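Numbering (the numbering used here), first residue to last: 1349 to 1925. Single-structure report; data block below.
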Amino acid sequence: MNVVWMLLRVHGRMARRRVAAVRQESRLMAGVIAVFVAGYWVGGYYGFRAGIDFLAKVPGLQAVLLDRLLYVFFGFLFVMLTFSNMIIGYAALFQNDETQWLLTLPVRAVDVFRWKVLETGILASWAFLFLAGPLMLAYGVARQVPVWFYLKVAVLFVPFVVLPAMLGAVVIVGATRYLHRQVFKLVVLALGGLMVAGAVVFVKPYDVAGMEQTQMVAVLNRLLHGSQVAVQPLLPSYWVASSVIAWSAGWGSRGGFFFLVLLSNALMAGLVCVTAGRRWFYDGWSRAHSRGEWRSGIPLLDRRVNLPRLAWLDRGIQALPGLAPATRALVVKDLRMFWRDTAQWSQFVIFFGLLGLYVVNLRQVAYDRYDEAWRTFVAVLNLGAASLTLATLTTRFVFPQFSMEGRRLWLLGVAPCGLRRVLLEKLWLSSAGAVAITLTLMVLSCRLLRLPGWQLWLFSGTVVLMSFGLSGIAVGIGALFPNMGRGAAALHREDNPAKIVSGFGGTLCFVVSLCYLLGVIGIEVLALYAPLHWLGWEAGLRLLLVVAGWLIVAGVSVLATVVPMRLALRRVESLEI
């Protein structure tokens, strides 16, 4: 029997049994998750439909603008899918206990590689299919397409998600085979720095004030010219968007042509990927687990830069007042493990690097800086972007931390510090890291927008509260719904964060975080804008209403932090390991 097919059947059966167990043990929770998923699809459909209807108000240009947005949408998705497959694939191929166990069995290394690439593609791509579904539904309704259009699009998405999975796997096995781990970290950091520097130098915003004095056609022409990079015939995203556009217009032959182009390239990428895996995977895996310290022969480059030997970390943690020795040891352990896992800190760099680049470029945006309504609106959008990014990262990284302790839990449970201290340490460490990043970005954006002092304090205080609230939700639900295994399965607990997050607990964590986020932002928007109809911008009573709204946000944030943590602390006190 084919090894990949056998592993797929085994994992599929395990997934079905997990779903059945959740339905039997907590039908209410499963029902809540189903309601939220259905709510996202309904809300996403109406949101995308509202955007399409808004574009319809531009006479004669609806089709042009909508088609260009599809090209840009699929272009960004292809880039993000490639990065996601690279990050998840590195952890699955070279840092996974299951991979190490499979390589000891009488199976070919290339079969293990093929299975892990397939697993990585599924984990990295399901969110894309979940996101693109409402968009394609709204697009089809707006274009009045027949039912078979959706079936064709579903088939079209298969090679589209396969191609970045294959490309990401080839890059990962090649880099791991020929680059030392320390060199790989330096290369990633250097490339990230070059990308940010290039974006700061070459990416220039539009002069919105100048656009207001020109005709609409000229403005649209500049916008279309600026997005021309997404309309390149050699890009896979171009083939996908062209097929969708052609099928929606009734041009079956043109859509089929681009589908075959995409399919042939996906098959070719699969052949190259399997060939690279056959030649490089096992050698790269062996080198990654056995090679010693890298030496270049240059004294400056041969200095140790990895975190475990950085004395300033230990000195910095020791200098913090009020920390018990056990807590200091736990903090150092978590920080070192974070730095050793390239898949974790690289995603932090990507997410917050892009967000920081956006905030820094606010100084170049040519808008009316003296319009307080507009500046407040942009600040609220900045708060939403920072909090949504934070919610995504806390779910992706903080939630699985308790489960990833794995077999160490029994040692921590019998140690003097106990699991209670472990949970509290993870809460404070994740909250402190979130505050350090988001507060810096928020203060910088408020200063660049020249907001008044009371608004700077308002948004800064809100982002601090949300950092604690989202961290409390992630840590608490992570301890309430750990991936501990049962019976013999407890010996093979999952150590892949992507698979842990993809389970029931991860979905619940993200849904609760999203509801908390929407509630907090909704309260602040009401406090800022609702009184305008009666009080105006200069009324002193409006400031009191804003303070009242912020106090409500503080109360909600305290509940979001305390309630999950209280439940989690009770759970770990009675947890049998």
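Ideal Cβ positions, reconstructed from N, Cα and C, are used throughout, including at glycine. Values in this document were obtained by computation on a predicted structure and should not be read as measured data.
Under 8 Å by Cβ, that's how I've got residue i and residue j pegged, so tell me the actual separation to the nearest angstrom.
i: Val1901; j: Glu1872; result: 6 Å
i: Arg1462; j: Val1622; result: 6 Å
i: Thr1675; j: Arg1769; result: 6 Å
i: Gly1603; j: Ser1591; result: 4 Å
i: Leu1852; j: Thr1909; result: Correcting the residue type first, residue 1852 is Phe in the shown sequence and not Leu. So it is not a contact: roughly 22 Å between Cβ atoms.
i: Thr1468; j: Val1460; result: That belief does not hold up - the Cβ atoms of Thr1468 and Val1460 are roughly 12 Å apart, past 8 Å.
i: Gly1826; j: Val1746; result: 7 Å
Identify which residue in the options has its Cα closest to the Cα of residue i.
i: Leu1736; options: Val1859, Thr1468, Gly1632 and Ala1457; result: Val1859
i: Gly1488; options: Val1385, Tyr1388, Ile1593 and Leu1893; result: Ile1593
i: Gly1598; options: Gln1492, Asp1682, Thr1430 and Thr1452; result: Gln1492
i: Val1501; options: Leu1483, Ser1808 and Phe1745; result: Leu1483
i: Lys1774; options: Ile1821, Glu1467 and Met1790; result: Ile1821
i: Leu1355; options: Leu1403, Leu1450 and Phe1384; result: Leu1450
i: Phe1725; options: Tyr1388, Val1518, Ile1435 and Gly1870; result: Gly1870
i: Leu1865; options: Ala1739, Ser1819, Gly1853 and Val1812; result: Ala1739
i: Asn1613; options: Gly1469, Glu1467 and Trp1587; result: Trp1587
i: Tyr1526; options: Ala1624, Asp1415, Pro1512 and Ile1470; result: Ala1624
i: Gln1803; options: Leu1828, Ala1875, Ile1848 and Ala1827; result: Ala1875
i: Gly1516; options: Ser1473, Phe1747 and Leu1499; result: Ser1473
i: Leu1813; options: Ile1520, Trp1898 and Arg1744; result: Trp1898
i: Arg1744; options: Ile1381, Ala1368 and Ser1432; result: Ser1432
i: Met1434; options: Val1906, Val1521 and Met1790; result: Val1521
i: Leu1750; options: Ala1439, Pro1673 and Val1849; result: A quick correction: the sequence has Phe, not Leu, at residue 1750. Cα-wise, what sits closest to Phe1750 is Val1849.
i: Ile1470; options: Phe1442, Thr1430, Gln1448 and Thr1524; result: Thr1430
i: Pro1912; options: Leu1892, Ser1819, Met1428 and Phe1686; result: Ser1819
i: Ala1386; options: Tyr1438, Gly1481, Val1518 and Gly1766; result: Gly1481
i: Pro1494; options: Pro1512, Arg1456, Thr1810 and Trp1595; result: Trp1595
i: Leu1504; options: Val1518, Ala1490, Met1428 and Ala1589; result: Ala1589
i: Leu1441; options: Trp1687, Tyr1630, Glu1921 and Ala1734; result: Tyr1630
Determine the direct distance from the alpha carbon of residue j to that of residue i, and round the result to whole angstroms.
i: Arg1914; j: Ile1785; result: 26 Å
i: Leu1583; j: Phe1422; result: 10 Å
i: Leu1477; j: Leu1856; result: 19 Å
i: Tyr1393; j: Ala1486; result: 6 Å
i: Phe1426; j: Val1509; result: 8 Å
i: Ala1780; j: Lys1405; result: 46 Å
i: Phe1497; j: Gly1600; result: 10 Å
i: Leu1806; j: Ala1411; result: 42 Å
i: Gly1894; j: Leu1731; result: One detail in the question is off: residue 1894 reads as Val in this sequence, not Gly. Roughly 16 Å separates the two Cα atoms.
i: Ala1837; j: Met1752; result: With a pLDDT of only 43 at Ala1837, under the threshold of 50, the placement of this residue in the model should not be trusted; the figure read from the coordinates follows. Straight-line Cα distance between these residues: approximately 15 Å.
i: Ser1778; j: Gly1632; result: 33 Å
i: His1359; j: Trp1776; result: 35 Å
i: Gly1801; j: Val1868; result: 21 Å
i: Val1383; j: Val1465; result: 32 Å
i: Gly1645; j: Leu1796; result: Low confidence applies to Gly1645: its pLDDT is 49, below 50, so where it sits in the model is not reliable, and the reading given next is rough at best. Spanning the two alpha carbons is a distance of roughly 45 Å.
i: Ala1617; j: Ser1861; result: 37 Å
i: Phe1605; j: Thr1788; result: 49 Å
i: Gln1580; j: Val1609; result: 14 Å
i: Leu1771; j: Pro1748; result: 12 Å
i: Leu1671; j: Ala1677; result: 10 Å
i: Ala1916; j: Phe1396; result: 38 Å
i: Leu1453; j: Val1351; result: 11 Å
i: Val1420; j: Ser1638; result: 43 Å
i: Pro1669; j: Leu1828; result: 31 Å
i: Arg1798; j: Leu1499; result: 50 Å
i: Ala1523; j: Arg1684; result: 23 Å
i: Arg1357; j: Leu1414; result: 41 Å
i: Tyr1388; j: Phe1607; result: 29 Å
i: Arg1635; j: Ala1782; result: 35 Å
i: Gly1809; j: Leu1418; result: 38 Å
Give the range of the alpha helix (DSSP H) segment to which residue i is assigned.
i: Leu1583; result: Note, Leu1583: premise wrong, no alpha helix (DSSP H); not H, not E.
i: Lys1774; result: Gly1766 to Leu1797
i: Asn1831; result: First-last for Asn1831: undefined, no H or E at that position.
i: Phe1461; result: Ala1457 to Arg1491
i: Ser1634; result: Tyr1630 to Ser1638
i: Lys1500; result: Trp1496 to Tyr1526
i: Phe1852; result: Phe1852 to Tyr1877
i: Glu1446; result: Asp1445 to Leu1450
i: Gln1749; result: Gln1749 to Met1752
i: Leu1608; result: Gly1600 to Ala1624
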